[in-house]
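Beneath this line is the structure, given in structure tokens, with notes to follow.
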Amino acid sequence: MAGFRDIDRALFPIKSIAAVIEIFKHHLERTSEPDLALLSIIVGAVENSLTCGRPNAPQQISDPIESSRLPSLEYHTVEVLYNKFYAIMKGAVDVPAKNTTKTQYATRELVKKVSDAVWNTLSRSYYKDRAHLQSLFSYLTGNKLDCFGVAFAVVAGCQALGFADVHLALSEDHAWVVFGEFSTETAEVTWHGKGNEDKRGQEIGKGVAARSWLYVNNKPVVCTRAMEVAALVSAINPSLNATHDAYEVAYLQQELLWLLYDLGHLTKYPMAIGNLGDLEEISSTSGRIRCDILFREAISSARSYYDNMHVYPYTYQGGYFYRNKMYKEAFESWANASDVIRKYNYSRDDEEIYKEFLEIANELIPHIMKVESSGFSASCILKKPECFAYLLRFYDGICQWEEGSATPVLHIGWAKPLVNTISKFDSEVRAQVNIVCESSPGDSKFDHKAQTNGNATSCLNNNNNYCISEKENRSSDNELIHAIESKVISEESA
Ligand SMILES: CC1(C)CN=C(N2CCN(c3ncnc4sc(CC(F)F)cc34)CC2)S1
Numbered sequence: 012m013a014g015f016r017d018i019d020r021a022l023f024p025i026k027s028i029a030a031v032i033e034i035f036k037h038h039l040e041r042t043s044e045p046d047l048a049l050l051s052i053i054v055g056a057v058e059n060s061l062t063c064g065r066p067n068a069p070q071q072i073s074d075p076i077e078s079s080r081l082p083s084l085e086y087h088t089v090e091v092l093y094n095k096f097y098a099i100m101k102g103a104v105d106v107p108a109k110n111t112t113k114t115q116y117a118t119r120e121l122v123k124k125v126s127d128a129v130w131n132t133l134s135r136s137y138y139k140d141r142a143h144l145q146s147l148f149s150y151l152t153g154n155k156l157d158c159f160g161v162a163f164a165v166v167a168g169c170q171a172l173g174f175a176d177v178h179l180a181l182s183e184d185h186a187w188v189v190f191g192e193f194s195t196e197t198a199e200v201t202w203h204g205k206g207n208e209d210k211r212g213q214e215i216g217k218g219v220a221a222r223s224w225l226y227v228n229n230k231p232v233v234c235t236r237a238m239e240v241a242a243l244v245s246a247i248n249p250s251l252n253a254t255h256d257a258y259e260v261a262y263l264q265q266e267l268l269w270l271l272y273d274l275g276h277l278t279k280y281p282m283a284i285g286n287l288g289d290l291e292e293i294s295s296t297s298g299r300i301r302c303d304i305l306f307r308e309a310i311s312s313a314r315s316y317y318d319n320m321h322v323y324p325y326t327y328q329g330g331y332f333y334r335n336k337m338y339k340e341a342f343e344s345w346a347n348a349s350d351v352i353r354k355y356n357y358s359r360d361d362e363e364i365y366k367e368f369l370e371i372a373n374e375l376i377p378h379i380m381k382v383e384s385s386g387f388s389a390s391c392i393l394k395k396p397e398c399f400a401y402l403l404r405f406y407d408g409i410c411q412w413e414e415g416s417a418t419p420v421l422h423i424g425w426a427k428p429l430v431n432t433i434s435k436f437d438s439e440v441r442a443q444v445n446i447v448c449e450s451s452p453g454d455s456k457f458d459h460k461a462q463t464n465g466n467a468t469s470c471l472n473n474n475n476n477y478c479i480s481e482k483e484n485r486s487s488d489n490e491l492i493h494a495i496e497s498k499v500i501s502e503e504s505a
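In this text, residue positions in the sequence shown follow this note's numbering: the first is 12, and each later residue adds one.
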């Protein structure tokens, strides 16, 4: 049984955040591969004691990070849970004894059996979106896991059984596994969303499902063991209740993310870098790079390794700019997010990103326009043509997202804030935006590269892409506005 090494035992009982960080350091720096089950049980136990525990004895005044603030976590407690997990996995599959030195690779049947073992030991019915259901501590003490937690448990189970080829694959709203000699096999192992039949055991769709944002055009984050540790650290949830976080848990998550960052394990994991950026914005670590640099690193990671098919890096950055009243920069981030989503077809599985764009279009941008047109605005974005251009690119990306999709995106609820926003820009500001039409050779949204045909006309038609560049010379953008308005309103009459 991989799990416990003497060094681990020596660090028990765990009485401080610092001790938890020491265990992660040891597993990441001095073992062949970190033990996912062990680390998930430990961090789940700590999170549980600080966020779900009953208000225990009056809090000790000592520093929660270094000395004992945590209810002491005994080696025996962790060992019992670890052995229980191992027994469940062992019981589920009869792994042939390792009689050969030949590396054994997992099969689809094995992966499905491990997924069934987890699936069949979950409580019958519980609120799946509740917080703190992501760790093996939750699974082993409460038989509850969220959809990410099930996928993580399957990977940890396969590791415990000796299958080093089974790894976690992550999109921005779903998780599955890759396996086999070249990690080319894929399998669903958990559910997604509400009321959808799970597809466990099936390979990841290549057909129409692959064109939805949910599967990020087959550009998922395929994890190494250390990146699976980064995923479990990202999944740490410091929330105490709807309005407060447990400071010690947020601090633990932030320190573990910096440990993983320094070891290079976040390089190909944009969302983990974004999570670290969010934590740094709340409470910056002295001597560390600023959070806005982290948001930029997340974007360049998505561009470098995932063909710029991920949306969240831009919405991490846009959210930061918005919270810090950097509205022009926020518009640019959201226009860039829209340039990603336009490449996809909208499918019923994409509700999460739909809600993200709905909130930006119908809450955040209207709020900005309200405060900016109150006359006391400092950033006077209503006078800047580039802001108008960013907003048009943002809205146009959503229009194009809808084009060619089986499910409509826009409805009248989008039109009012949209038209209200555009009409806040005076005509002489709008006139400074030049809209250039581009012919599009192919029909596919993914491999189409914009071609500039040189002659500038202002249009929004269903076949051609167009890009917007702010230029001095005037162009009539009323056609464009009417096109957007008529498009949206025609949706209404449809
Ligand atoms: C800009 C935002 C709204 C802020 N937080 C965002 N998150 C996006 C999702 N988060 C994540 N952070 C690290 N890894 C993963 S893997 C995954 C999909 C799940 F099904 F496994 C989600 C996710 C963390 C929080 S996007």
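We treat Cβ as the ideally placed atom computed from N, Cα and C, and that holds for glycine.
Per the coordinates, the alpha-carbon of S27 lies some 31 Å from the alpha-carbon of Y327.
In chain order, L287, L290, E291, S294 and T296 place their CB closer than 8 Å to the CB of Q265, counting only its own chain and leaving out the 5 sequence neighbours on each side. It is roughly 9 Å from the alpha-carbon of A246 to the alpha-carbon of G160.
A residue is called buried once 16 or more other Cβ atoms fall within 10 Å of its Cβ, and Q213, having fewer, is exposed.
In this structure, ligand 1 has a non-hydrogen atom nearer than 7 Å to the beta-carbon of F159. Sequence-distant partners of I376 (beyond 5 residues in either direction) whose C-beta falls short of 6 Å from its own C-beta, in its chain, are T432.
DSSP links H378 through a beta bridge to no other residue. Pairing S182 with V430, the inter-Cα distance amounts to about 33 Å. Per DSSP, the unbroken alpha helix (DSSP H) holding T62 starts and ends at L47 to T62. DSSP assignment within the stretch 264-297 yields the following whole alpha helix (DSSP H) runs of 4 residues or more, N-terminal first: 281-293. A contact between stretches requires three or more CB pairs, one per stretch, nearer than 8 Å, and the stretch 379-397 fails this requirement with the stretch 350-359. Here I247 carries a coil assignment [DSSP, helix/strand/coil].
Collapsing the DSSP output to three states places F387 in coil. Our two residues, E449 and S344, have alpha carbons roughly 23 Å apart in a direct line. Between the C-alpha atoms of D17 and R222 there is a straight-line separation of about 48 Å. Annotated three-state conformation of V447 is strand, per DSSP. Contact between the stretch 53-61 and the stretch 122-137 is absent: fewer than three C-beta pairs spanning the two stretches fall below 8 Å. Look at F368 here: in three-state DSSP terms it is helix. Judged by the Cβ position, S295 fails to qualify as a neighbour of ligand 1 at the 7 Å threshold, every heavy atom of the ligand being at least this far. A distance criterion of 7 Å places the beta-carbon of T278 beyond contact range of ligand 1, judged by its closest non-hydrogen atom. Closest option to Y355, judged by alpha-carbon separation, among N228, Q170 and N154: N228. Contact fails between the stretch 370-388 and the stretch 229-239, because fewer than three Cβ pairs, one in each stretch, are under 8 Å apart. Taking the Cα of V106 as reference, the smallest distance to any Cα among V382, L121 and R441 is reached at L121. Looking at the backbone, the Cα of H203 and that of C158 are separated by about 7 Å.
Straight-line spacing of the CA atoms in F332 and Y86 works out to 45 Å. Where V31 is concerned, the enclosing alpha helix (DSSP H) starts and stops at I28 to E40.
When Cβ pairs closer than 8 Å are counted between the two stretches, the stretch 139-159 is seen not to touch the stretch 112-120, the count staying below three. Judged by beta-carbon spacing, Q411 lies within the 8 Å limit of R353, meaning their Cβ atoms are closer than that value. Set against 7 Å, the gap from the CB of E367 to the closest heavy atom of ligand 1 is smaller. The closest heavy atom of ligand 1 lies less than 7 Å from the beta carbon of E183.
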